[in-house]
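Numbering (the numbering used here), first residue to last: 9 to 451. Where is the CB? At the ideal position from N, CA and C, for every residue including glycine. All remarks here apply to the structure that follows.
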Ligand code: S3P
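This is how it looks when you write it as structure tokens:
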């Protein structure tokens, strides 16, 4: 089914049952297209996420000189070996990952490209990648040095740097490492708290001379820019950030018993599942086949009572996109849930901290909004009233979190605009419908 546009309502639907395949991972899909575009020759990508964000990256990689096309169920990418100035601006739509990773990947070619995006992306900070890439030898013109539209003048004479990003961001790390693939000497990125390491894992599959050293929570990645990438075939694993929505729906719909198959279990992505275990959730993981160097598992999820917890701030990088849905689950739990260390959420597709607090309040849940977090007062056995209209601010994760809340609440919940769900999880309505969820368009 084509995902609906406009407003949708979700209502209590009885027990959710059945099995769905996890939606393909968005982070891995962007990286597969970009690295395949950098490698000279033909790579194939199986199970690519065909969402609006990823398709924007596919078009951009094509405009930079690669041949990118669907071939039966797979995607075929033929990298030209050297990227060229595109004829037109590169419009990355809503995708922070797409624009930031592409700026890094393109920086090492003698070419000029202008990057644009939608209203949300045009508000988001780009200085965090512009600054290190400028230190490596690229030049940028950007609105206030920080916002789109931004024009990149790349350089075939980039120099490696030793960089510690000021924010925990896999997008910043990846932009610097992708530039480092073609820079002179060694490029080092030091993360006091490791973020997702998909770029490192996949770049090695493409033959990059890259190594990773971990100690406690920290990660140091080093890449040497002396080795050309070679094409490979990639299989994209399931997205834990998308799987979070059917999992949450089952946890709050009495009597539910569902399975989500093929979810990536990279430790840098499964903070939500760790937190849910601490909340008492009944989630069983059975290891499944690894895909392109990433472990996966089948999840079996059953409804059950949840209790509030304190989420350690150090866990934020491993569940950065999952706080809106965690807050919804915390609303159903007994007791208080505290989540802090989340200032970065204000720089996502919307101000997700404020948006999540408003989502809960509109549905009768008490919540305290902190500068860098939320305190959610769970309703426990009293139940969540619901009945609210959620302002999604064109943010896909707020839209999905609001709809899931409606499945467990006493009154239906309306999300004011669900169109943006297509940016990350185009199969959301089909998957939720297959499990028995009642979600339908409203005026
Ligand atoms: C992503 C990293 C995260 C995350 C985003 C995808 C990635 O952003 O929020 O949805 O694919 O690298 P930051 O790295 O900026 O925190």
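Let me know the secondary structure DSSP gives residue i once reduced to three states.
| i | result |
| --- | --- |
| residue 401 | coil |
| residue 225 | coil |
| residue 144 | helix |
| residue 179 | helix |
| residue 149 | strand |
| residue 363 | helix |
| residue 171 | strand |
| residue 71 | helix |
| residue 438 | helix |
| residue 451 | coil |
| residue 58 | coil |
| residue 104 | helix |
| residue 410 | helix |
| residue 51 | strand |
| residue 32 | strand |
| residue 252 | helix |
| residue 273 | coil |
| residue 305 | strand |
| residue 18 | strand |
Where residue i and residue j are concerned, what is the direct C-alpha to C-alpha distance, given to the nearest angstrom?
| i | j | result |
| --- | --- | --- |
| residue 437 | residue 174 | 38 Å |
| residue 196 | residue 231 | 7 Å |
| residue 239 | residue 64 | 21 Å |
| residue 45 | residue 211 | 12 Å |
| residue 313 | residue 292 | 16 Å |
| residue 371 | residue 396 | 5 Å |
| residue 95 | residue 308 | 49 Å |
| residue 449 | residue 427 | 11 Å |
| residue 272 | residue 245 | 6 Å |
| residue 318 | residue 373 | 18 Å |
| residue 386 | residue 338 | 6 Å |
| residue 417 | residue 83 | 41 Å |
| residue 422 | residue 145 | 49 Å |
| residue 346 | residue 275 | 22 Å |
| residue 7 | residue 358 | Because the chain in this structure spans residues 9 to 451, residue 7 falls outside the shown range and cannot be described. |
| residue 253 | residue 121 | 36 Å |
| residue 179 | residue 114 | 14 Å |
| residue 76 | residue 36 | 16 Å |
| residue 32 | residue 298 | 13 Å |
Round the Cβ separation of residue i and residue j to the nearest angstrom and send it over; I've been treating them as touching at under 8 Å.
| i | j | result |
| --- | --- | --- |
| residue 5 | residue 101 | What is shown of the chain runs 9 to 451, which leaves residue 5 out entirely. |
| residue 112 | residue 184 | 6 Å |
| residue 190 | residue 116 | 3 Å |
| residue 11 | residue 295 | Rounded, the Cβ-Cβ distance is 31 Å, inconsistent with contact. |
| residue 130 | residue 156 | 5 Å |
| residue 310 | residue 290 | 4 Å |
| residue 216 | residue 181 | Not quite, the Cβ-Cβ distance comes to about 14 Å (not below 8 Å), so this is no contact. |
Please list, in chain order, all residues of the same chain as residue i whose beta carbon is under 6 Å from its beta carbon, the five residues on each side excluded.
| i | result |
| --- | --- |
| residue 315 | 287, 288, 341, 342, 343 |
| residue 73 | 88, 91, 92 |
| residue 103 | 61, 64 |
| residue 391 | 418 |
| residue 400 | 406, 407, 423, 424, 425 |
Got a sec? Which residues, its chain only, sit under 7 Å from residue i by beta carbon, not counting five neighbours each side?
| i | result |
| --- | --- |
| residue 350 | 324, 331, 361, 380, 381 |
| residue 415 | 18, 20, 21, 257, 260, 261, 445 |
Excluding the 5 residues preceding and the 5 following residue i in the sequence, name in chain order all residues of the same chain whose CB lies nearer than 8 Å to its CB.
| i | result |
| --- | --- |
| residue 241 | 51, 52, 53, 54 |
| residue 34 | 57, 59, 61, 62, 105, 247, 249, 250, 432 |
| residue 27 | 266, 267, 268, 269 |
| residue 164 | 116, 117, 118, 190 |
| message | Quick test of the definition: if touching needs 3 or more C-beta pairs under 8 Å, does the stretch 82 to 96 touch the stretch 50 to 58? | response | yes
| task | Give a yes or no on contact between the stretch 275 to 287 and the stretch 363 to 377, applying the rule of three or more CB pairs nearer than 8 Å. | result | no
| request: Indicate whether the contact test is met: 3 or more Cβ pairs, each with one atom in the stretch 123 to 140 and one in the stretch 206 to 223, closer than 8 Å. | output: no
| said: Under 8 Å: do the stretch 167 to 181 and the stretch 191 to 205 share three or more Cβ pairs, one atom per stretch? | reply: yes
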